[in-house]
Amino acid sequence: MAATDAGAPAPARTPLFSEGYKQTVLWLLVLAYTFNFIDRTIISTIGQAIKVDLKLTDTQLGLLGGLAFALLYTTLGIPIARLAERHSRVNIITIAIVVWSGFTALCGMATSFFQLLLFRVGVGVGEAGLSPPAHSLISDYFEPKKRASALSIYSFGIPLGTMFGAVAGGWIAQNLDWRMAFFLVGLPGIIVAILLKIFVKEPPRGYSDRLVAQQAADAPVLEGDETAPAVHAKPPSIMAVAKRIFGKWGFFHMVAGITLASFAGYGTGQYSAPYFIRMFGLDLATVGLIFGVIGGVASGIGTLLGGFLTDYAARRSGRWYALVPAIGLLIACPLYILVYTRDDWKIAAALLLIPGIFHYTYLGPTFGVIQNAVSLRMRATATALLFFVLNLIALGFGPPFCGWVIDTLSQAQFAAKDLGPFFELCPGGVGKEGAGAAIDAACKAAVAQGTREGIVWNLLIYAWAGLHYLLAAITLPKDMADALAKTEAEAAAGA
70 MAATDAGAPA PARTPLFSEG YKQTVLWLLV LAYTFNFIDR TIISTIGQAI KVDLKLTDTQ
130 LGLLGGLAFA LLYTTLGIPI ARLAERHSRV NIITIAIVVW SGFTALCGMA TSFFQLLLFR
190 VGVGVGEAGL SPPAHSLISD YFEPKKRASA LSIYSFGIPL GTMFGAVAGG WIAQNLDWRM
250 AFFLVGLPGI IVAILLKIFV KEPPRGYSDR LVAQQAADAP VLEGDETAPA VHAKPPSIMA
310 VAKRIFGKWG FFHMVAGITL ASFAGYGTGQ YSAPYFIRMF GLDLATVGLI FGVIGGVASG
370 IGTLLGGFLT DYAARRSGRW YALVPAIGLL IACPLYILVY TRDDWKIAAA LLLIPGIFHY
430 TYLGPTFGVI QNAVSLRMRA TATALLFFVL NLIALGFGPP FCGWVIDTLS QAQFAAKDLG
490 PFFELCPGGV GKEGAGAAID AACKAAVAQG TREGIVWNLL IYAWAGLHYL LAAITLPKDM
550 ADALAKTEAE AAAGA
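Count the sequence shown with our numbering and you get residues 70 to 564, in order.
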């Protein structure tokens, strides 16, 4: 080193984004994800009112909450993610929020199953544009060792959205009607879109990974860093991304675990509020409070706990990325069954707090593993592929499957009383007009018991999911180390 350089101070590190700004961006994305889940899940809270008003079966109700939403939500996720690898992720998210918010409001104008089905498809189209670019943004703002925590905070939008959707949706539907619930929760999302567009900056691709590499080399991290790959550079192929996240034993079983856990969660969640109405005769506002406050708090704690606990435990072994979700789901399964077999709604509601905490520990660790498994320009596509599998199977078929099981068991309960054809005499789960009080009571009793039994069978899928996470733990440390080595090599090469 030249003499003139020997005594020179090291160049000052000037990161592009302060910690405070990164947290602001993260919580704005949480706000967007909150509205995403409010608009997505409100139908589960007010579903009983919709079912009775439009005279639907539980299978139809499940289609509205599942496949109608998930079909284009999943198929559009990948092309939107490919756009996000090349173009402004902030712009994509902004447009997406406006689209899904508008279609949510339109749901309040539906007068038939088919109309509501089409509007729910529109909600799915809009919501497809949030998580792939959002995960990519978060991964560029936060370094690898903090990603599980950051993505857990982002996933906190799930319980927040479920909570506010349940409380607000239940209260509005009880005091006004279910149509106004869609109007009043849909339109405010447009304000969120404006806030994101104003305050969120597009970071350089791979910013946090290069930041770590440069700090390790004691190199300056300056504003205007030109080592970032060009925004319009061609990203890796979809097959290359798929091979990275599905081609390793550990990653494959992480995906299988989150898919099955979500299948059980979406299916049960669609009918949990109707269960409390059918079995205990509660009103929509009370049910909204139960699932908004108790369920929302439990799932919120579980989501954050899963991410932070995993980041802490993973310092000793990467297996904890799989073991934390496995333990949580295997504990949650029997506790949930205990909830849905109680004969006192107050006891059931109080017990709901405990399994919810264990249940949601799988989100942050799984998303963190997938983001750490891929290179810089694979991140949005990796999230889209994960969500494609996850939502096509879990969200698309979880609610209608659970609804079909409930319809089948309800029909069997009614048939045992030899009163006649169930679906003809019990449209919407209540007695046909003019059929008499005895038929009405028999219809409601059959549906209540069928709902209980259907949910209990559905809950067993959580244990199945937990087993996949245990299988993932076998090779996960090696799989993650191999993936990290590839990512660091590509980042160093400017790939």
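Glycine included, C-beta positions come from ideal geometry on N, C-alpha and C.
Per DSSP, what kind of secondary structure is C176 in: helix, strand or coil?
As a working note, residue 176 is residue 107 in the sequence shown. In this structure, C176 counts as helix in the three-state DSSP scheme.
Go through the stretch 414-470 residue by residue and report every complete run of the beta strand (DSSP E) that reaches 3 residues or more, in order.
Whole beta strand (DSSP E) segments, 3+ residues: zero.
Under 8 Å, with one C-beta from each stretch per pair, do the stretch 420-429 and the stretch 362-377 reach the 3-pair mark?
In short, these stretches touch, since the Cβ pair count reaches three.
In the structure shown, what three-state DSSP assignment does F211 receive?
Within the sequence shown, residue 211 is the residue found at index 142, counting from 1. Coil at F211, not helix or strand.
Quick one: what's got a C-beta closer than 8 Å to F182's C-beta in the same chain, skipping five residues either side?
In the sequence shown, counting from the first residue as 1, residue 182 sits at position 113. Once the five neighbours on either side are set aside, the close Cβ partners of F182 are L123, L125, Q129, L133.
Rounded distance between the beta-carbons of L220 and G365, thought under 8 Å:
Reading the sequence shown from its first residue, position 296 is the one you call residue 365. Reading the sequence shown from its first residue, position 151 is the one you call residue 220. For a cut-off of 8 Å, the C-beta gap from G365 to L220 is around 19 Å, too long to register as a contact.
With respect to the alpha helix (DSSP H) encompassing S368, which residues constitute its N-terminal and C-terminal limits?
In the sequence shown, counting from the first residue as 1, residue 368 sits at position 299. First-last of the alpha helix (DSSP H) with S368: 365-382.
How would you call A507, buried or exposed, if buried means at least 16 neighbouring beta carbons within 10 angstroms?
Indexing the sequence shown from 1 puts residue 507 at position 438. Burial check for A507: the Cβ neighbour count within 10 Å stays below 16, so the residue is exposed.
Tell me where the alpha helix (DSSP H) around A309 begins and ends.
Along the sequence shown, read from residue 1 onward, the residue named residue 309 stands at position 240. 307-315 is the span of the alpha helix (DSSP H), which, as asked, contains A309.
Could you pull out every residue in the same chain whose Cβ sits closer than 7 Å to the Cβ of L461, ignoring the five residues on either side in sequence?
What you label residue 461 is simply residue 392 of the sequence shown in a count that begins at 1. The answer, listed in chain order, is A139, T143.
Three-state secondary structure assigned by DSSP to D352:
As a position in the sequence shown, residue 352 is number 283, starting the count at 1. Coil at D352, not helix or strand.
How big is the Cα-Cα spacing for A417 and R521?
Within the sequence shown, the letter at position 348 stands for residue 417. Within the sequence shown, the letter at position 452 stands for residue 521. Rounded to the nearest whole angstrom, the C-alpha separation of A417 and R521 is 12 Å.
Between G116 and P343, which are expected to be in contact by the criterion C-beta below 8 Å, what is the C-beta distance as a whole number of angstroms?
Within the sequence shown, numbered from 1, the residue matching residue 116 stands at position 47. Within the sequence shown, numbered from 1, the residue matching residue 343 stands at position 274. Correct: roughly 6 Å between the Cβ atoms.
Give me the residue from A550, I227, A510 with the minimum Cα distance to R52.
Since the first residue of the chain shown is 70 and the last is 564, residue 52 is not available in this structure.
Decide yes or no for the touch test of the stretch 387-400 against the stretch 529-538: beta carbon pairs closer than 8 Å, at least 3 of them.
The stretch 387-400 vs the stretch 529-538: in contact.
Three-way DSSP call (helix, strand, coil) for T544 in this model:
Along the sequence shown, one-based indexing puts residue 544 at 475. Here T544 carries a coil assignment [DSSP, helix/strand/coil].
Among F436, F106, I260, P272, which has the Cα closest to the Cα of A197?
Within the sequence shown, residue 197 is the residue found at index 128, counting from 1. Across the set F436, F106, I260, P272, the C-alpha of F106 shows the shortest separation from the C-alpha of A197.
Residue from F483, L494, A453 whose Cα sits closest to the Cα of A625
Coverage of the chain is limited to positions 70 through 564, which leaves residue 625 absent and any answer about it impossible.
Report the residue from K266, I112, G467, P272 whose alpha carbon sits nearest the alpha carbon of W50.
This structure cannot settle anything about residue 50, because the visible part of the chain is limited to 70 through 564.
What residue does the alpha helix (DSSP H) around D246 start on, and which one ends it?
Numbered from its first residue, the sequence shown carries residue 246 at position 177. Where D246 is concerned, there is no enclosing alpha helix (DSSP H), given that its DSSP letter is neither H nor E.
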